[in-house]
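Comments concern the structure below.
Numbering (the numbering used here), first residue to last: 8 to 183.
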């Protein structure tokens with residue numbers, strides 16, 4: 008691409024963002040607008056409310072089993088209608104499933120922070136089906152904890168569980 012085109016494209020993009028930002032400016036003399044803006048910013052910085060988190064994790068009750076490298080965690084979950092987020096009809100939203108996967112992996116090695124989460128979506132998850140979340144440690148190297156996990160759905164038989172999502176993760180324990 009030539010340089011003139013790139014400069015032109017950058018300036019048009021920058022001006023567009025600048026115009027969007029200008030639309031949200033308020034007068035410094037309007038105290039209500041400033042306090043509302045600060046309240047919105049404050050709520051964003053604090054993260055989701057406890058009510059939001061409760062609704063996202065409704066029914067999540069992990070069970071812990073001793074594992075040679077730490078804890079193995081499992082949870083059986085039947086999603087409520089408010090949790091059944093579907094981007095396509097009949098298929099649960101993958102981002103929500105990755106969110107649940109991150110949570111159960113974190114429960115497996117507390118306290119630790121997610122450094123890497125790699126998910127493989129093997130088959131779709133129906134929103135009304137019970138799902139089983141599983142996580143277990145694979146290896147530990149100092150502060151690094153390598154984990155594996157899966158989201159499973161019921162197969163043809165009621166006692167058969169099939170992997171719908173497989174995950175590999177790296178968590179880091181905080182320095183003490």
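Just so you know, even glycine gets a beta-carbon here, dropped at the ideal spot from N, CA and C.
Leaving aside the five residues that flank residue 146 on each side, the residues in its chain whose CB is nearer than 6 Å to its CB run, in chain order, 153. By the neighbour-count definition (other C-beta atoms within 10 Å, threshold 16), residue 136 is an exposed residue. Residue pairing by DSSP places residue 138 opposite 84, 160 in a beta bridge. Boundaries of the alpha helix (DSSP H) harbouring residue 115: 101-115, taken from the DSSP string. Within 10 angstroms of the beta-carbon of residue 178 lie 16 or more other beta-carbons, which makes it buried.
Scanning 113, 131, 144, 106 for the CA closest to the CA of residue 97 turns up 131.
If you look at residue 63, you'll find it in the alpha helix (DSSP H) that goes 57-63. When beta bridges are read from the DSSP output, residue 173 appears opposite 127, 157. Taking a contact as a CB-CB distance under 8 Å, the pair residue 160 and residue 104 does not count as one, their CB atoms being some 11 Å apart. The beta carbon of residue 118 sits closer than 8 Å to the beta carbons of 180, 181 from its chain, once the five residues preceding and following it are set aside; these are given in chain order.
Its Cα nearest to that of residue 123, the residue 108 stands out among 108, 134, 129. If you look at residue 132, you'll find it isn't in any beta strand (DSSP E); DSSP assigns it neither H nor E.
Residue 79 places its beta carbon less than 9 Å from that of residue 141. Residue 69 is a Cβ neighbour of residue 82, given a cutoff of 9 Å. If you check the CB distance, residue 143 and residue 151 do not come in under 9 Å.
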